[in-house]
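J.: Its first residue numbered 6, the sequence shown is counted upward by one per residue in our numbering.
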Amino acid sequence: MLEEIRNLSATPREVRKFAVTVGVAAALLLGFLFYRHKFASLWPFSVPAMLIVLGVAAPMVLKHVYLAWMALATVMQWLMTHVILTLLFYLAITPIGLINRLVRRDPLSLRFKPDAESYWIKREKAQRTLEEYERQF
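(1) Applying the criterion that 16 or more other CB atoms from any shown protein chain within 10 Å of the CB defines a buried residue, is ALA45 buried or exposed?
(2) Could you compute how far the alpha carbon of ILE101 sits from the alpha carbon of LEU93?
(3) When the Cα of PHE50 is compared with those of VAL27, ARG128 and LEU67, which residue comes out closest?
(4) If I follow the unbroken alpha helix (DSSP H) through ALA62, where does it start and stop?
(5) Quick check on the burial criterion: 16 or more other C-beta atoms within 10 angstroms. Buried or exposed for PHE23?
(6) Using the Cβ count rule (16 or more neighbours within 10 Å means buried), how would you classify ARG21?
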């Protein structure tokens, strides 16, 4: 993760796209809030406007803002990935395994069978046609 943060690049094109995207998103959010709550001041709209103007006119002024934003996004991405996968494992996969053990189900046939002659699973030979070989997938 630290290596990924160190390797972040801030080309003028990337910073410009970042500034316009964040500026438009912030302006839309403020517009929605203004529509819903009818606050009197319009000065909060100056921040997204300034972000868009700086991003288009002089994108490298916002280079450090872009790098900080992307570093924060990288940390959040790493954290959320681990949280979501942990929750998925403990809330979905673990209960399925516990239920299978409780009902003594063996879906992969891994249980030892002392009376079995062999663990080989015989497969019926299917007659293959030329079309199946030509179109395998």
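Heads up, the beta-carbon is just placed ideally off N, CA and C, and yes, glycines get one too.
T.: Taking the definition as stated:
(1) Here residue 45 refers to the residue found at position 40 when the sequence shown is read from its first residue. ALA45 counts as exposed, since fewer than 16 other beta carbons sit within 10 angstroms of its beta carbon.
(2) If you number the sequence shown from 1, residue 101 lands on position 96. If you number the sequence shown from 1, residue 93 lands on position 88. Going by the C-alpha atoms only, they are around 11 Å apart.
(3) By 1-based counting over the sequence shown, the position of residue 50 is 45. With distances taken between Cα atoms, PHE50 lies closest to VAL27.
(4) In the sequence shown, residue 62 corresponds to position 57, counting from 1. Taken as a continuous stretch (DSSP letters only), the alpha helix (DSSP H) holding ALA62 covers 51–62.
(5) Position 18 of the sequence shown holds residue 23. Around the Cβ of PHE23, a 10 Å sphere holds 16 or more other Cβ atoms; the residue is buried.
(6) Walking along the sequence shown from the start, residue 21 turns up at place 16. ARG21 should be labelled buried.
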